[in-house]
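Notes follow once the structure below has been shown.
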Amino acid sequence: MINVVYVIAAALFIFGLKMLGSPDSAKRGNLLSSVGMLIAVLATLFDQQILSYTWIVVCVIIGSGIGAYAARTVQMTGMPEMVALFNGSGGIASLLVGWAALYHADISAFVAFTVLLSIVIGGVTFTGSLIAWGKLSEKMPSKAIVFNSQRLVNGALIAAILILGIMFCNNPSVSSPVLILIILLSLAFGIMAVIPIGGADMPVVISLLNSYSGLAACAAGFAIDNNILIVAGALVGSAGIILTNIMCKAMNRSLGHVLFSGFSAVKQSTKVIEGEVKPISVDDAYLILEAAGNVMFVPGYGMAVAQAQHAVRELGELLEKNGCEVSYAIHPVAGRMPGHMNVLLAEANVSYDQLIEMDDANPRMDMVDVAIVIGANDVVNPAANEDDTSPIYGMPVIEVPRARTVFVLKRSMAAGFSGVDNPLFFGENTRMIFGDAKATITGLVAEFKG
Amino acid sequence: MDAIYLLFILMLSIFLGFEIISKVPATLHTPLMSGANAISGITLVGAVTSAGAELGGTATFLGALAVIFATVNVVGGYMVTDRMLGMFRKKPAGAAK
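Protein chains in written order, with this note's numbering: chain A, 1 to 450; chain B, 1001 to 1097.
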């Protein structure tokens, strides 16, 4: 009986995810998937295996309270941190479920192995997500943390988990000290795996941890012999893997390179950039914009930091009123998680059909009068196309130099998160507008109004 | 036999997941991620089983803790996804002003 309900729940998850594929149906899709979750949980509650409800009710109320509060109060700019924390709590929950499964009578070697998997993946997801959260919220340095024997330490950790794992599978027992050791090592490995990854690579890490949280649930499903956990966990696992893959492609790097690049020194470009920086005032920028017939905004993480998205939308509307065509070109890895910029601009009421992907933006570039780069750096760096000694050579970028004029809104001349110089700033048709992005945009808006 | 049957489910679900999700446009990647994240809170079902099955003090405690974390994941994940998706509009509501 309960399995029938699980089948329905699984179908709802699948439909829900499918509907998340289009902005029109996405909200209903999410609702559908939450209904699936609700009936799966309710069916489990009414299953005869449950003997005591007190703890469950108390814990569900506590958990819902925390989740609902967090979901309501989080700022859209803080979304990557939030998702990291949710990933982490999913991970630790799977670890605990796997652990508790050991209290069932007679554990076969297969069950022991799946318990082991859910504990290791869950543990890595938990601490890995916490570190990702720390880096994203700047509670700890977002730079890659690298030390000399890092590779050795990580290798030793993996070897230890493997050996202890084999010992545990041969003799599975809850009271085994091996179990506690495995849990601790998994937690340690989660920390070690994420600290060498730098801030700009966070979209990859978040996607990967998302995938892990699904895989952990999947492993827990094997441990307790529950098929809905396996189906749902596998769906999430593959979603995360796809996103990870997209992010890696957008940076022209392999997953291995992202995860382990902190271990090897970043090679520096040998090319000397020629040309000079040409600053421009807000007044002059206004005159150029007023005459423009086609403007493309290229936002990056800096727009999120400056909270400039609302001002940007206002400027976009004024430009449209002025008879100008406005679009927003979004690089897949702009920001700190996949689709981060899209959510910020959606929050600011930008219509989603104005948000275009890199592959659509580049062919249009020759028709663009002004490309406005807001707080983006590496994703518009022409060195990725031209300079084969550059560390980011080969990464697909938004080719703003082909626009008639490029405005770069920037706080100072500092390099991007990858620490790579950007020849764009020295380009013939580039004009730099220094200062806080929000203040600059607000200034432009004021010029248009007055 | 049971393990083989579960592995079958696993394999089919992975293929299905790849099929569905590779069609999601970049604009919706953040909601997709948080929505998928909420689904990974399905481990709540397992947590509920552990917490309520009276397997002894420690197991109940572990299960109860798992219930808390999993509900944070489920409730928070769905609500935040819903909030985000509510912001995706075709005609900007502010444009009329």
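Each residue gets a CB set at the ideal place from its N, CA and C atoms; glycine is no exception.
- residue 328/A by DSSP, collapsed to three states: which one? Residue 328/A sits at position 328 when you count from the first residue of the first sequence. Looking at residue 328/A - three-state DSSP - the assignment turns out to be strand.
- Does the Cβ of residue 4/A have 16 or more other Cβ atoms within 10 Å, making it buried, or fewer, making it exposed? Here residue 4/A is taken as the residue at index 4 of the first sequence, counted from 1. It counts as exposed.
- State yes or no: is the beta carbon of residue 27/A nearer than 9 Å to at least one beta carbon in chain B? What you label residue 27/A is simply residue 27 of the first sequence in a count that begins at 1. Judged by the 9 Å Cβ criterion, residue 27/A is in contact with chain B.
- Query: For residue 22/A and chain B, any beta-carbon pair shorter than 9 Å?
  - Reply: Here residue 22/A corresponds to residue number 22 of the first sequence, with the count starting at 1. Under the 9 Å criterion on CB atoms, residue 22/A is classed as interfacial with respect to chain B.
- Query: Is the region 236 to 244 of chain A close to the region 1031 to 1040 of chain B, with three or more CB pairs under 8 Å?
  - Reply: yes
- Task: Can you give me the start and stop residues for the beta strand (DSSP E) that residue 298/A sits inside?
- Result: As a working mapping, residue 298/A is identified with position 298 in the first sequence. Looking at the DSSP string, the run of the beta strand (DSSP E) that includes residue 298/A is 294 to 299.
- Query: Looking at chain A, which residues of the region 1028 to 1039 of chain B have a Cβ within less than 9 Å of any of its Cβ atoms?
  - Reply: Look at the region 1028 to 1039 of chain B: the residues with a C-beta under 9 Å from a C-beta of chain A are 1028, 1029, 1030, 1031, 1032, 1033, 1034, 1035, 1036, 1037, 1038, 1039.
- Task: Could you say which of 1071/B, 1090/B, 1087/B lies nearest to residue 85/A if we only look at CA atoms?
- Result: Within the first sequence, numbered from 1, the residue matching residue 85/A stands at position 85. The shortest Cα separation from residue 85/A among 1071/B, 1090/B, 1087/B belongs to 1071/B.
- Could you tell me whether any Cβ in chain B is nearer than 9 Å to the Cβ of residue 18/A? If you number the first sequence from 1, residue 18/A lands on position 18. At least one chain B Cβ lies under 9 Å of residue 18/A.
- Task: Spell out whether any CB of chain B is found under 9 Å from the CB atom of residue 103/A.
- Result: On the first sequence, residue 103/A is found 103 positions in, with the first residue counted as 1. So yes, residue 103/A belongs to the interface.
- Below 8 Å, can you find three or more Cβ-Cβ pairs linking the region 244 to 255 of chain A to the region 285 to 294 of chain A? Output reads no: the region 285 to 294 of chain A does not touch the region 244 to 255 of chain A.
- Task: Would you mind reading off the limits of the beta strand (DSSP E) that contains residue 358/A?
- Result: Stepping through the first sequence from its first residue, residue 358/A is reached at position 358. Residue 358/A -> not in any beta strand (DSSP E); alpha helix (DSSP H) instead, spanning 358 to 364.
- Query: So which residues on chain B does residue 149/A lean against when the C-beta distance must stay under 7 Å?
  - Reply: The count along the first sequence starts at 1 and reaches residue 149/A at position 149. Proximity of chain B to residue 149/A at the Cβ level (cut-off 7 Å) is not reached, the minimal Cβ distance being about 33 Å.
- Three-state class that DSSP yields for residue 266/A in the structure shown: Stepping through the first sequence from its first residue, residue 266/A is reached at position 266. Bear in mind that a pLDDT of 48 at residue 266/A, under 50, signals an unreliable position, so the model cannot answer this.
- Item | Proximity test, Cβ basis, 9 Å: residue 431/A and chain E | No chain E appears in the structure shown, which is made up of the protein chains A and B.
- Message: Tell me the residue span of the beta strand (DSSP E) that contains residue 1016/B.
- Response: Numbered from 1 along the second sequence, position 16 holds the residue referred to as residue 1016/B. From DSSP, residue 1016/B is part of no beta strand (DSSP E) but of the alpha helix (DSSP H) over 1002 to 1021.
- residue 32/A versus residue 75/A - alpha carbon distance: Position 32 of the first sequence, counting from 1, holds the residue named residue 32/A. Position 75 of the first sequence, counting from 1, holds the residue named residue 75/A. So the alpha carbons of these two residues sit roughly 25 Å apart.
- Message: So if I threshold CB-CB distances at 7 Å, which residues from the region 337 to 357 of chain A count as touching chain B?
- Response: Look at the region 337 to 357 of chain A: the residues with a C-beta under 7 Å from a C-beta of chain B are 337, 338, 339, 340, 342, 343, 346, 347, 349, 350, 351, 352, 353, 355, 357.
- Item | Outcome for residue 1005/B when other beta-carbon atoms lying within 10 angstroms are tallied against a minimum of 16 | To locate residue 1005/B, count along the second sequence from 1; it is residue 5. It is exposed - the Cβ of residue 1005/B has fewer than 16 other Cβ atoms within 10 Å.
- Among 80/A, 386/A, 330/A, 130/A, which one has its Cα closest to the Cα of residue 296/A? Position 296 of the first sequence, counting from 1, holds the residue named residue 296/A. Closest option to residue 296/A, Cα to Cα, is 330/A.
- Based on Cα-Cα distance, which residue from 1089/B, 1013/B, 1010/B, 1076/B lies nearest to residue 87/A? Here residue 87/A refers to the residue found at position 87 of the first sequence. Checking every option, the nearest Cα to that of residue 87/A belongs to 1076/B.
- Starting from the Cα of residue 63/A, find the closest Cα among 1009/B, 1055/B, 1047/B, 1030/B and give me that residue. As a working note, residue 63/A is residue 63 in the first sequence. Cα-wise, what sits closest to residue 63/A is 1047/B.
- Can you give me the Cβ contacts of residue 113/A inside the same chain, cut-off strictly under 6 Å, excluding the 5 residues immediately before and after it? The sequence position of residue 113/A within the first sequence is 113, counting from 1. Counting only Cβ-Cβ distances below 6 Å, and skipping sequence neighbours, we find 169.
- Task: Give the single residue among 181/A, 197/A, 280/A, 372/A whose Cα lies nearest to the Cα of residue 308/A.
- Result: Along the first sequence, one-based indexing puts residue 308/A at 308. The candidate whose alpha carbon is nearest that of residue 308/A is 372/A.
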